[in-house]
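For reference, each letter of the sequence shown is one residue, going -25 to -1, 1 to 658 in mature numbering (1 follows the signal peptide of the UniProt record, and there is no 0).
Notes to accompany the following structure.
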Amino acid sequence: MAKIRLKQLLAFLICLENLLFLAECARDEEGPYQGKYIGKLNSYHHQVSGEIYAVNEFTLLLTNFNYDGDGLDTFFWAGAANRPGPQGFIVPDEHGNTNVLERYFNREFTLTLPDNKKLTEIKWFAIFDLNSQNNFGDIYIPDEFEPPMAQRISTLLKRSHNVTSSSIEILDSKTIRIPDLTYDGLGRETYFWAGVGPQPSSKGFKIPDEMGYLDSIRKYDKETITLELPGDKTIFDIDWFSIYDLELKENFGSVLISDGLNVPPSLVKVFPLKQSLPNCRQLHKKLLVSWEVFGPQITFQLSGQVGENEYMSFGISGSETSTQMIGADVVVAYIHGGRGFTTDYNITSLAPCVQVLGQSKGVCRDDLLGGLDSFQLNTFAREDGINTLVFRRTLISSDPGDKVIYLDHPMQMVWAIGPLDSNKEPAYHDLYPKANVIINFNSTEPVNDCVSFTMGEEPVPEVWDKSQIFDRAIRSFNAVLGPAGGKRGYQGITGHVSNGLAWYINGLMIPELWLRRGLTYSFKVRGGNNPHSPEYYHPLVITDEPQGGYDRLSDAKQSEIRVLAGVEFTRRGRPKPTAAGPLCLGRYPPNYDRRLDDNFPTFKKFNKTLRFHCDEGDPAILEITPNSSWPDIVYYNSFTHANMGWKIHIVDSYVRRASAGTTGTISFLVFIAALTVAVSRLF
Ligand SMILES: *[C@@H]1O[C@H](CO)[C@@H](O)[C@H](O)[C@H]1NC(C)=O
Ligand SMILES: *[C@@H]1O[C@H](CO)[C@@H](O)[C@H](O)[C@H]1NC(C)=O
Ligand SMILES: *[C@@H]1O[C@H](CO)[C@@H](O)[C@H](O)[C@H]1NC(C)=O
Ligand SMILES: *[C@@H]1O[C@H](CO)[C@@H](O)[C@H](O)[C@H]1NC(C)=O
Ligand SMILES: *[C@@H]1O[C@H](CO)[C@@H](O)[C@H](O)[C@H]1NC(C)=O
């Protein structure tokens, strides 16, 4: 801290000195970095005042800006002539409009020059009245002004573990891009690490990896990644960046960051930490847990940057020696319909809760298992996209099925963030730790490594191509199971919450099928036929609603659904699946990290990494002949679990569909392609 202060002070002094020459002061001593300071507006009329920064090559930031709004024909005006005058152009206002300016009182906003003009191409910026040719206030851009820009610094200086990169880029005051990063992944407590001082040392702070994790970093093989400095830290707070091993206190590779880099300010918003309890652990960039033990009770605060329909979960690992979801005793915390929930769950397998021979298995609420809901909710709030729930439990719960929270030794914990399904049950988690999460709840000495949440623009991963099977010659479909493939796969394609598995039909993940009424098609189903398995028992069904999981639905919901194939009803009216075949499953290779699914550009490449294994035995055959009573769109799914399949279009003839006119361009193009194939087959 002391070092940073000194550094800031020095920068400030240099700044003051420079100020006498050029208005080239990089930043104030206090407050967040806002860009390169150009100076104060010269004020002539109408109470114009304010300060001006350059944000980047094209953009100005105005702070504390005032103008009384009384000019009749007044605009933001800029030009390349020697002094403000009629030769110039309008700079659109903060909303991008070119209206006559109204009143401003102590406002802060950015203005971007029009037509990709650069700050280096103008000599002055003014508040100018065009009708009266009156200059109300102005500022000159110094000669040879250099606006802030992304800066390239040197490469990572290799020391060990094959750490290399191309030239590192500082994109803005919080963002570091490392092109072609290579690291062998063999360190055990190795982190992206930064700090102050002449060279890397164990005194520093962790930078979350490109996915926001704080775990020991993985292997990288010539990958380009982007890191964001945590909390309110900026590039001006650090002297070096390193890939550093805390266990060995060894620098595997590093780069020095020079002072006063002329980079744009970060656009990321920082939300100050709201933490009421004395201890705090940052579990992920988007999740923290805070706690306090008082007598036989422990109070927790979970805060997470989650979507409205997402849950946070935290609890005691299923294993005493490592972080393990199976067997874990967790709280699932979420906010829905103006209410907070902290529900006690027991995880017996990595699948949604299902009834297996009268027993609930999977991720199940304790009260479903005959246990107690052991958490008491104190408070909850959702603010700035951050959910915060405070709740408590006794260390030794009165429910013997709950795990004990010990104070005499550190404990293995688990956590996760994921979407809630349509029943407000936790679905497959998106964020979860790979490394062990060890917390000592008896902190006679309070621990706290939490930082402020930040929010920038998150790129939405592009969805893999939606596949379709539109070929009148294909009358039989092989239905097997495979992984649902992250945000670009099942979730991206359907917009539904996945449970981790999806149907693969004829080698494609959840293709849309086009079937003709009156023709007979057969599905060769291999989705598992062992009803004792909570994860891998998936008879195929076809119904008129998209979600599936027929068996899990209430009688009332079942009665609203039209089952077209795959279910028969017993004499007592219970549904029984008819198409359960041996399991054929595409699995990830050993040691694969499914959190990297989104890195695959196409399904084809993703599919190549999978290992398909099929149990012996003939598939179950589900034969269907859609007739005129079938709706135009039906869905194939699993009998037991929701959200594994997708659409079947039922058409009267492949040809009539075109003359009727398809609206979706994609399906139309596919149709044309298929038609061409179909037509060429005729001849
Ligand atoms: C390190 O790099 C060398 C050559 O570049 C390569 O032969 C070796 O396999 C790498 N080691 C690891 C652990 O990746
Ligand atoms: C949770 O599951 C375990 C078996 O994995 C069981 O021993 C325990 O009693 C269950 N807890 C509750 C509350 O049902
Ligand atoms: C908590 O830690 C302190 C100091 O390490 C120890 O003396 C005390 O026994 C611990 N409390 C419990 C309940 O184990
Ligand atoms: C996916 O992999 C399976 C098995 O290797 C293969 O049969 C299938 O054609 C692949 N699908 C695609 C679209 O490449
Ligand atoms: C049409 O299909 C449904 C569902 O497969 C079947 O129950 C019904 O008997 C069929 N109707 C005719 C007229 O074949």
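Beta carbons are placed, not taken as given, at the ideal position from N, Cα and C, and that holds for glycine.
As the structure is a prediction and not an experimental result, all values here were calculated from the model.
Kindly indicate which three-state DSSP category residue i falls into: helix, strand or coil?
| i | result |
| --- | --- |
| Arg537 | coil |
| Arg256 | strand |
| Phe246 | strand |
| Gly71 | coil |
| Phe289 | strand |
| Lys11 | strand |
| Glu164 | coil |
| Ile210 | helix |
| Glu203 | strand |
| Gln22 | coil |
| Asp573 | helix |
| Tyr629 | coil |
| Lys149 | coil |
| Gln443 | strand |
| Gln272 | strand |
| Asn612 | strand |
Verify the contact flag: residue i, CB atom, against every heavy atom of ligand 5, threshold strictly below 7 Å.
| i | result |
| --- | --- |
| Leu494 | no |
| Leu539 | yes |
| Asn602 | yes |
| Trp605 | yes |
How about residue i and residue j: are their beta carbons less than 8 Å apart?
| i | j | result |
| --- | --- | --- |
| Ala531 | Asp396 | no |
| Glu32 | Pro122 | yes |
| Gly592 | Pro557 | yes |
| Phe211 | Ile218 | no |
| Asp147 | Val238 | yes |
| Phe120 | Leu156 | no |
| Leu515 | Gly541 | yes |
| Leu262 | Ile392 | yes |
| Ala308 | Ser292 | no |
| residue 661 | Gly345 | Because the chain spans -25 through 658 in this model, residue 661 falls outside it and cannot be assessed. |
| Glu267 | Asn284 | no |
| Leu37 | Gly25 | yes |
| Thr518 | Asn612 | yes |
| Thr298 | Val389 | yes |
| Leu325 | Ile301 | yes |
| Val245 | Ser427 | yes |
| Ser278 | Thr363 | yes |
| Leu456 | Phe416 | no |
Can you determine whether any heavy atom of ligand 4 sits closer than 7 Å to the C-beta of residue i, and answer yes or no?
| i | result |
| --- | --- |
| Leu483 | yes |
| Lys579 | yes |
| Phe587 | yes |
| Asn31 | no |
| Asn411 | no |
| Asn612 | no |
| Asn582 | yes |
Can you tell me whether residue i is buried or exposed, with buried defined as 16 or more other CB within 10 angstroms of its CB?
| i | result |
| --- | --- |
| Ser107 | exposed |
| Pro59 | buried |
| Asp405 | buried |
| His70 | exposed |
| residue 660 | With the chain covering -25 to 658 only, the question about residue 660 has no answer from this structure. |
| Gln257 | buried |
| Glu510 | buried |
| Pro565 | exposed |
| Phe646 | With a pLDDT of only 44 at Phe646, under 50, the local geometry of the prediction cannot be trusted, and the value read off the model is given with reservation. Label assigned to Phe646: buried. |
| Ala454 | buried |
| Lys178 | exposed |
| Val281 | buried |
| Leu47 | exposed |
| Lys197 | exposed |
| Thr73 | exposed |
| Lys441 | buried |
| Leu88 | buried |
Ligand 3 and residue i: does the residue's C-beta get closer than 7 Å to at least one heavy atom of that ligand?
| i | result |
| --- | --- |
| Asn417 | yes |
| Asp440 | no |
| Asp530 | no |
| Leu382 | yes |
Does the beta-carbon of residue i, which I'm using as the reference point, lie nearer than 7 Å to any heavy atom of ligand 7?
| i | result |
| --- | --- |
| Pro205 | Absence of ligand 7 is noted for the structure shown, with ligand 1, ligand 2, ligand 3, ligand 4 and ligand 5 being the only ligands found. |
- Residue ranges of each alpha helix (DSSP H) run of no fewer than 4 residues wholly in the segment 468 to 556, ordered along the chain? 530 to 535
- Item | Secondary structure, beta strand (DSSP E): runs of 3+ residues fully inside the segment 330 to 417 | Fully enclosed beta strand (DSSP E) runs of 3 or longer: 334 to 336, 338 to 340, 351 to 358, 361 to 369, 386 to 394 and 412 to 414.
- Length at least 3, wholly inside the segment 75 to 112: the beta strand (DSSP E) runs in chain order: Runs of the beta strand (DSSP E) inside the segment 75 to 112: 79 to 87 and 99 to 104.
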